[in-house]
Amino acid sequence: MNQFVQVLLFGLTLGGVYALMASGLTLVFGVMRIVNLAHAIFMILAAYIAYFAFTIYNIDPIISIFITMPVMFFVGIAVYWLFFARIKGTARSGELTVLLTFALALMAEGLLGYFFSNIYRSANPPYATQALHFGPYILSAGQFYATLMSIGLIVLLWAFLKYSRTGYAIRATMQNISAAQVVGVNVERMSMVAFGIGMALAGASGSMMSFLFTFYPGKHWEWIAILLALIVLGGMGSLGGALAGAFILAISSALVGHYYGFTWSPITFFLALFIVLLVRPQGLFGKKMEA
Amino acid sequence: MVLLEVDNIRAGYGDGPDILKGLSMEIEQGKTYCIIGPNGAGKSTLLRAICGLLHPREGNVTYKGEILNKLRTDEILRRGISFVPQDRCLFPDMTVKENLRMGGYILRDRKELEDRIEEVLVMFPFLEERGSQQAKTLSGGQQQMLAIGRALVLRPEVIMLDEPSLGLAPKIAQYIFDVIAQLKDAGMTIILVEQNARKGLECADWGCVLDLGINRFEGPANTILNDPRIQELYLGRQKQDRQEKTA
């Protein structure tokens, strides 16, 4: 029993970080109907920023979100303006965006590899190797702080969407794009802002990744696969869904890893993906898509 | 006084052909206009072109002497023209109150916005009762009321309604027409696109018949109602359709 709770806690403290990673991806999908396959490579880019901020300037990786988030926000705006704005409204723009994000991911991976090589890296702040003791249970301090920070950011995102004027406009665009236009929402601008926010969340995720996991440019393919599984399970475009999907899969993969060996834990995500697509393609909280 | 003037406009979607092919129309202040015409005549396209959801390729839309062609929808809303599109067009997962708040999205003054929402709730008390209910849980008629209420939050001078009675039971549709009559009494200028030509023309001052992207003919609503050409346009078309189908 103790062991079960221990594994559960391990999964829980990982789930918050997964949720943060998935939240940006699902937000961008919700507003723009774009599956941003480049989301994870931008997380890696942010992880490099956090890594060098730590190794060169000794900036704490958790604190580095104050650098990675604004930087990635503006990278997002630039990417949107340079690429997405141009193909919007053209015939087959739906298919084009998939190819575009794929190409972006490849280009960014190549550039990062060129500049930073493919060496495995990981920032090493003191808490990365510390443990916290809660009675009989042990938590990784790094994971615990990262998950607290992640949940804090998700709550902020939720409050922003729920109460701010821009948040209203973003939700309106997610729910009914033509109704949003009718009440005077500048849908084009909201898409850009949402993409920027999605990238900022990728930035914060990168800060967490920099000390929780080892990373190198090519690693993003593994991450995007996991993240897609999370948001498909939760229902694409649903923030609550991304949160639920992240915790369910983080805990399941931890349990699978514990009882069947860690080589099996990555397969949890793909198994879940298959089952969801077969049984409930719209995900746990998603709506049925119109064709 | 002519409030809104549509002068010889051509408009269409994307790279597609012109839907409106040189359409002209004058809207006078305080009057109710009913636009009728067969499917594909360009009725909805006309409303979309007026409120900036679609920019005319040629010709001008002029409101109080100002050309609206290049303006965005929010700029046109600010000038006093609101649009209630077909199919309710609400935010399904937002509450009734939030939907109304979105109606006043372009207002920056929160206090002002709450006051105006209050006004709308006085007009539609049942929206008050259901304020915290999600819009998707309302019935069709209630959703239509909410869509109209949402447009009224901006206190528009001109309100454009695209088939407000579509898909509603006759009794509920009648209620919608009563509301339109109320708006008319309040001095609002109304442009109504209506599939139910008889009902629509009955509550209008002026009728316009659109066909194939132009203003085929217009006149006082009761004259249009009894015009033999209407019979021909609608019934003749139907006969033709039926023949095509059987052929």
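Taken in sequence, the protein lines are chains C and S. Just remember that my numbering sits 49 ahead of the position in the first sequence, which is counted from 1. Just remember that my numbering sits 641 ahead of the position in the second sequence, which is counted from 1. Quick reminder that beta carbons are idealized off the backbone N, C-alpha and C, glycines included.
1. Give the straight-line distance between the Cα atoms of V231(C) and C692(S), rounded to the nearest whole angstrom.
2. Going by DSSP, what residue range makes up the alpha helix (DSSP H) through R757(S)?
3. Rounded to whole angstroms, what is the Cα-Cα separation between R791(S) and R742(S)?
4. If you measure between the beta carbons of I800(S) and L762(S), is that distance less than 8 angstroms?
5. What do you get for N856(S), buried or exposed, if any count of 16 or more other CB atoms within 10 angstroms of its CB means buried?
6. Note the first and the last residue of the continuous beta strand (DSSP E) segment covering K637(S).
7. Quick one: give me the first and last residue of the beta strand (DSSP E) that G700(S) is part of.
8. In three-state terms, what does DSSP make of P797(S)?
9. Using a beta-carbon distance below 8 angstroms, is C844(S) in contact with chain C?
10. Hey, how far is the Cα of S113(C) from the Cα of V124(C)?
11. Which residues mark the beginning and the end of the beta strand (DSSP E) in which V850(S) is found?
12. Provide the residue(s) that pair with C675(S) in DSSP beta bridges, ordered along the chain.
13. Are L327(C) and V56(C) touching if we call contact CB-CB under 8 angstroms?
14. Going by DSSP, which residues form a beta bridge with N649(S)?
15. Is there at least one Cβ from chain S nearer than 8 angstroms to N85(C)'s Cβ?
16. Within the 8 angstroms Cβ cut-off, does G233(C) reach chain S?
17. Classify T178(C) as buried or exposed, calling it buried when 16 or more other Cβ atoms lie within 10 Å of its own Cβ.
18. Can you look up S189(C) in the DSSP assignment and give me helix, strand or coil?
19. Where DSSP assigns a beta bridge to F183(C), which residues make up the other side?
20. Rounded to whole angstroms, what's the CA-CA distance from V647(S) to G678(S)? Just pull it up for me.
21. Can you give me, in chain order, the residues of the region 712-726 of chain S that have a beta carbon less than 9 angstroms from any beta carbon in chain C?
22. Just by C-beta distance, which residues in the region 128-147 of chain C are closer than 7 angstroms to chain S?
23. If you draw a straight line from the alpha carbon of E739(S) to that of N235(C), how long is it in whole angstroms?
24. Tell me which residues of the region 213-231 of chain C have at least one Cβ-Cβ distance to chain S shorter than 9 angstroms, keeping chain order.
25. Using DSSP with H/G/I as helix, E/B as strand and the rest coil, what is P861(S)?
26. On the three-pair Cβ rule with 8 angstroms, is the region 650-660 of chain S touching the region 307-317 of chain C?
27. Which residue comes first and which comes last in the alpha helix (DSSP H) that contains S72(C)?
28. Please report how far the alpha carbon of A96(C) lies from the alpha carbon of M257(C), in whole angstroms.
29. What is the rounded straight-line gap between the Cα of S773(S) and the Cα of L787(S)?
30. Give a yes or no on whether the minimum CB-CB distance between I660(S) and chain C is below 8 angstroms.
31. I'd like to know whether the C-beta atoms of M248(C) and F122(C) end up nearer to each other than 8 angstroms.
32. Since F334(C) is in the alpha helix (DSSP H), which residue starts that stretch and which ends it?
33. Would you please verify whether the beta carbon of F765(S) is less than 8 angstroms from any beta carbon of chain C?
34. Could you have a look at L807(S) and say whether DSSP puts it in helix, strand or coil?
35. Counting C-beta neighbours from all protein chains within 10 Å, is the total for G848(S) 16 or more, i.e. buried, or is it exposed?
36. What first and last residue would you give for the alpha helix (DSSP H) that runs through I717(S)?
Quick look at the numbers:
1. Rounded to whole angstroms, V231(C) and C692(S) show a C-alpha spacing of 8 angstroms.
2. It spans R751 to M764 - the alpha helix (DSSP H) in which R757(S) sits, taken as one unbroken run.
3. 8 angstroms
4. no
5. buried
6. As displayed, chain S neither begins before 642 nor continues past 888, which places residue 637(S) out of reach and without an answer.
7. E699 to Y704
8. coil
9. no
10. 16 angstroms
11. W847 to D852
12. L833(S) and G848(S)
13. no
14. N649(S) pairs with nothing; no bridge assigned.
15. no
16. yes
17. T178(C) comes out exposed.
18. strand
19. Y186(C)
20. 17 angstroms
21. R713, T714, D715, E716, I717, L718, R719, S723, F724, V725 and P726
22. none
23. 18 angstroms
24. R214, Y217, A218, R220, A221, M223, Q224, N225, S227, A228, A229, Q230 and V231
25. strand
26. no
27. N51 to M81
28. 8 angstroms
29. 13 angstroms
30. For I660(S), the answer is no, since every Cβ of chain C falls outside 8 angstroms of its Cβ.
31. yes
32. Unbroken run through F334(C): none, as it is neither H nor E.
33. no
34. When secondary structure is reduced to three states using DSSP, L807(S) falls in the coil class, being assigned neither helix nor strand.
35. If you draw a 10 Å sphere on the C-beta of G848(S), you find 16 or more other C-beta atoms in it, and that means buried.
36. T714 to R719
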